[in-house]
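J.: Once you've had a glance at the structure underneath, I'll fire off some questions.
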Amino acid sequence: MSGTVRAPAVALVCVDCGATDQDLSGRCSVCEGMVEARYGPVEAVLQPGDTDSLERYWDLLPIPDRSLCRIAIEPTPTVLLCELDGIPVYAKVEGVLPTNSTKDRLIAVALPLMLARGVERFVLSSTGNTAAAYAWGLQFYPELSARAFVSTDVPTRQLGPPNPALEIVRVEGDYVTAGQRARGELAPGEVSEGGFFNLGRREGAKLAYLEAFDDVERMGGRVDTVVQAVASGLGIVAAARAAEQSVAVSRWGRSPRFFCAQQTSCAPMVRAWRSAESGGNARLTEPDPDGLASAILLGDPFSSFDYVARAARESGGGFVDVTSAEIATALQRHSHEVPLGDSAAVALSSVYRLWEQGDLRGSEGVLVALTGGPGR
Ligand SMILES: Cc1ncc(COP(=O)(O)O)c(C=O)c1O
Ligand SMILES: [Zn+2]
549 MSGTVRAPAV
559 ALVCVDCGAT
569 DQDLSGRCSV
579 CEGMVEARYG
589 PVEAVLQPGD
599 TDSLERYWDL
609 LPIPDRSLCR
619 IAIEPTPTVL
629 LCELDGIPVY
639 AKVEGVLPTN
649 STKDRLIAVA
659 LPLMLARGVE
669 RFVLSSTGNT
679 AAAYAWGLQF
689 YPELSARAFV
699 STDVPTRQLG
709 PPNPALEIVR
719 VEGDYVTAGQ
729 RARGELAPGE
739 VSEGGFFNLG
749 RREGAKLAYL
759 EAFDDVERMG
769 GRVDTVVQAV
779 ASGLGIVAAA
789 RAAEQSVAVS
799 RWGRSPRFFC
809 AQQTSCAPMV
819 RAWRSAESGG
829 NARLTEPDPD
839 GLASAILLGD
849 PFSSFDYVAR
859 AARESGGGFV
869 DVTSAEIATA
879 LQRHSHEVPL
889 GDSAAVALSS
899 VYRLWEQGDL
909 RGSEGVLVAL
919 TGGPGR
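Throughout, our numbering is defined as the position within the sequence shown, counted from one, plus 548.
Given below as C-alpha cells:
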C-alpha cells in the first residue's frame, strides 16, 4: 500500500520538519522523521477499578474511532518494591499483561490505528516479544495480517502460540539484519510497520507511564527519576511524552529524569552517549550483540538514538550499563516479589547502579519499568 493519510482527530506533527503528512505506519512522509501527536489540555487520571487503560486515557490517544479498539488493557500494578537509603523505588509491573510483556499495550494501540489508515498487511522485525504480542493481538483483527522477520537466534517458544495471521520469516543473523530484510522485502500490498517510528506503538507504550505516575501520586509519592531498559529507546521516548501529558506530573511541578539502561555486552547507546558527553560523536554499532537480556539486543540503534538521547538530555537523565553479575543479583533479590524478566532486570539493576554511583542523591522517588516477566 502507498499514499499518505491525514489524521482526523489530533494534530500529528513531525518533530524534525513540522510536516503533518505521515506514511501508513505514522512516520513523516516528507523527511522520515518521528511524528508526535499533539493534544489539547486533557485531565485524565486513572481511577481505582478502571478496567481499560485505553478508555481512561482515550483523549490522549490518536485513534480516530473508539469502535476500532478491540483489545482492553487492564492497568498493571505499580508497587513500592524497595527503598534505597529511604528513597522509594516504585516498579511498574508489565509482566502481568496477556503475553507477559509491555508490548501488549503497544499493539493494542498500533492495530486500531493501522486499521483506521486502511492497512491490510504489515511487515515488522522483532527480538521476539513484539512478534508474540502481535501473534496474540491479531486474533482480534481478522481484517489484518502480518509478516515478522525474526533471527534464528530467537527460540520458537519466545514467539508464543502460532497464529496463521502472523507469518514468521526466520533470518540468519541478528535483529539488525532482520530489520533490514523486513524493510527490503516488502511485497505488493504490504506496509512497513515502522518499529520505533510507529506512532501507535509509542502512544501505547505511553499508557504504562501515565498509569504509573497516577498510581504513585495516589500512593502519596512522587517520581523524579525513571529507568527503563532500551533497545530502540521507544519506551523512554514514550515516557517523556507521558510526563508532558500527565496530570500527576503537572502537580509535582517537575518532569522526571529519564535513564536508559543497557547491558554492558550490548550497549551501543551508552557508548554513543559517553562519546557525546566528552565532546565526540562516535557511533559504534555492536556487530555481534550478545547478553542475558535477549529482547534488547539491538546492535545498531542509531536511527532512533538522537530522539532518545534528547529525551534523556533535556530531562537531566542519562544512560547506564550493567554487567551480567549485576543483572543476576537483581534477579536474585527481586524475582520472588514481582514477575521479572531479564530485560526488566537490566533496568532494575541499573537503579542499584545509579544509587551506588550517587546519582539518586536527593531523589524523592524512582520509577523502574519492569517491561517483561520471566522469559520476556
Ligand atoms: C521486555 C522488553 N523490555 C524492553 C524493551 C526495549 O524496547 P525499546 O527500547 O524498543 O522500547 C523490549 C524490546 O523488545 C522488551 O521486549
Ligand atoms: Zn519530517
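Beta carbons are placed, not taken as given, at the ideal position from N, Cα and C, and that holds for glycine.
Between the Cα of residue 768 and those of 799, 745, 755, 789, spot the shortest distance and give me the residue it belongs to.
T.: Residue mapping note: residue 768 aligns to position 220 of the sequence shown, counting from 1. The option with the nearest alpha carbon to residue 768 is 799.
J.: Looking only at its own chain, which residues have a Cβ that is under 7 Å from the Cβ of residue 754, when we skip the five neighbours before and after it?
T.: As a working note, residue 754 is residue 206 in the sequence shown. 786, 789, 790.
J.: Among 710, 914, 740, 649, which residue has its Cα nearest to the Cα of residue 671?
T.: As a first step, residue 671 must be located in the sequence shown, where it is residue number 123. Looking at the Cα atoms, 740 is the closest of the given residues.
J.: Please tell me whether residue 923 and residue 746 are closer than 8 Å, where the distance is taken between their beta carbons.
T.: On the sequence shown, residue 923 is found 375 positions in, with the first residue counted as 1. On the sequence shown, residue 746 is found 198 positions in, with the first residue counted as 1. No, Cβ-Cβ distance for residue 923 and residue 746 is not below 8 Å.
J.: By a C-beta neighbour count over all protein chains shown, 10 Å radius and 16 as the cutoff for buried, is residue 776 buried or exposed?
T.: In the sequence shown, counting from the first residue as 1, residue 776 sits at position 228. By the 10 Å Cβ count, residue 776 comes out buried.
J.: From the DSSP output, which residues share a beta bridge with residue 862?
T.: Translated into positions along the sequence shown, residue 862 becomes position 314. In DSSP, residue 862 forms no bridge with anything.
J.: Does the separation of the CB atoms of residue 896 and residue 918 fall below 8 Å?
T.: Your numbering for residue 896 matches position 348 in the sequence shown. Your numbering for residue 918 matches position 370 in the sequence shown. Yes, the Cβ-Cβ distance between residue 896 and residue 918 is below 8 Å.
J.: Name the two residues that bound the continuous beta strand (DSSP E) containing residue 822.
T.: Counting from 1 along the sequence shown, the entry for residue 822 is found at position 274. Run containing residue 822: none in the beta strand (DSSP E); it sits in the alpha helix (DSSP H), 816-825.
J.: Might you give, ordered along the chain, the residues of its own chain that have their beta carbon closer than 8 Å to the beta carbon of residue 692, omitting 5 neighbours on each side?
T.: As a working mapping, residue 692 is identified with position 144 in the sequence shown. The answer, listed in chain order, is 659, 662, 663, 667, 668, 669, 670, 686, 713.
J.: Have a look at 756, 840, 699, 578 and flag the residue whose alpha-carbon is nearest the alpha-carbon of residue 729.
T.: Here residue 729 is taken as the residue at index 181 of the sequence shown, counted from 1. That would be 699, whose Cα lies nearest to the Cα of residue 729.
J.: Helix or strand or just coil, what does DSSP make of residue 642?
T.: Taking the sequence shown and counting its residues from 1, one reaches residue 642 at position 94. Of the three classes helix, strand and coil, the one that applies to residue 642 here is helix, per DSSP.
J.: Can you list the residues near ligand 2, meaning Cβ strictly closer than 6 Å to any non-hydrogen atom, in the order they appear in the chain?
T.: Those satisfying the condition are, in chain order, 562, 564, 565, 567, 576, 578, 579, 581.
J.: Can you check which of these residues, 812, 756, 887, is closest to residue 844 by C-alpha distance?
T.: Taking the sequence shown and counting its residues from 1, the one referred to as residue 844 is at position 296. When each option's Cα is compared against that of residue 844, the closest is 812.
J.: Three Cβ pairs or more, each shorter than 8 Å: is that satisfied between the stretch 758-767 and the stretch 626-637?
T.: Verdict: yes, contact present.
J.: According to DSSP, is residue 707 part of a helix, a strand, or is it coil?
T.: In the sequence shown, the residue the question calls residue 707 occupies position 159. Helix at residue 707.
J.: Determine which residues share a DSSP beta bridge with residue 562 and list them.
T.: On the sequence shown, position 14 is the one that residue 562 refers to. Looking at the DSSP assignment, residue 562 forms a beta bridge with 583.
J.: CA-CA distance, residue 587 and residue 606?
T.: For the purposes of this step, residue 587 is taken as residue 39 along the sequence shown, with counting starting at 1. For the purposes of this step, residue 606 is taken as residue 58 along the sequence shown, with counting starting at 1. C-alpha separation (whole angstroms): 11 Å.
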